[in-house]
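Enquirer: Got a structure here, written out as structure tokens. Questions coming.
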Amino acid sequence: MRRGGEAAAVIAIVAFFAGPLLALLVQSFRHGPTAEVLSFFAAPRTTAMLWNTAVMVAGGTAIALAAGAALGLVVSFADLPGRSLLSALVWLPLILPSYVVALSWAALFEKTACWTGRLAL
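Residue numbers (the working numbering): 12 to 132.
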């Protein structure tokens, strides 16, 4: 891909993610006094939430990167008996819709599940 195509792809990705956030920010300034909106963003609770979110994103990214790199090395270079199954399971999070995964976790940790009583959850 040429430089122009790479730049266009980066701009499209940034616009896709930053566009809704910028629209929300603009809407917040339209419907209230500017000082109130800025004081909301400068509030200790808001900055704490933003900091916690940034820490969670960085931690999740680091864990996913380490696990993905290790799994990629194992699947690529090791001769394991279940290698084809493992390489197929790597694609599972991308194939399954997120609501199916969320419902599975909700069912797993439901209060009526037989194993949660043993773990005192």
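No residue lacks a Cβ here, since even glycine has one placed at the ideal position from N, Cα and C.
Here the structure is a predicted model, which is why all the values come from computation and not from measurement.
1. Quick test of your reading: L4 and V101, contact by CB under 8 Å. State the CB separation rounded to the nearest angstrom.
2. Work out the CA separation of V112 and F52 for me, nearest whole Å.
3. Quick one: is the Cβ of V86 within less than 7 Å of any heavy atom of the ligand NAP?
4. Rounding to the nearest angstrom, what Cα-Cα distance links T45 and E17 in this structure?
5. Could you check how far apart the C-beta atoms of L97 and L91 are, in whole angstroms? I think they sit under 8 Å.
6. Suppose you measure from the CA of N63 to the CA of T72; what does that come to, to the nearest Å?
7. Compare the Cα-Cα distances from A99 to each of Y110, S109, P108, V86 and report the closest residue.
8. CA-CA distance, A69 and S115?
Expert: Taking the definition as stated:
1. A question about residue 4 goes unanswered here, because the residues of the chain that appear run from 12 up to 132.
2. For the purposes of this step, residue 52 is taken as the residue at position 41 of the sequence shown. For the purposes of this step, residue 112 is taken as the residue at position 101 of the sequence shown. Whole-angstrom Cα-Cα distance: 33 Å.
3. The ligand NAP is not part of this structure, which contains no ligands at all.
4. Sequence index remark: in the sequence shown, residue 45 carries index 34 (1-based). Sequence index remark: in the sequence shown, residue 17 carries index 6 (1-based). T45 and E17: Cα-Cα distance of roughly 37 Å.
5. Position 86 of the sequence shown, counted from the start, is the residue given in the question as residue 97. Position 80 of the sequence shown, counted from the start, is the residue given in the question as residue 91. Contact flag correct, Cβ pair sits at about 7 Å.
6. Your numbering for residue 63 matches position 52 in the sequence shown. Your numbering for residue 72 matches position 61 in the sequence shown. Cα to Cα, N63 sits roughly 14 Å from T72.
7. Position 88 of the sequence shown, counted from the first residue, corresponds to residue 99. Closest by alpha carbon: V86.
8. Sequence index remark: in the sequence shown, residue 69 carries index 58 (1-based). Sequence index remark: in the sequence shown, residue 115 carries index 104 (1-based). Whole-angstrom Cα-Cα distance: 25 Å.
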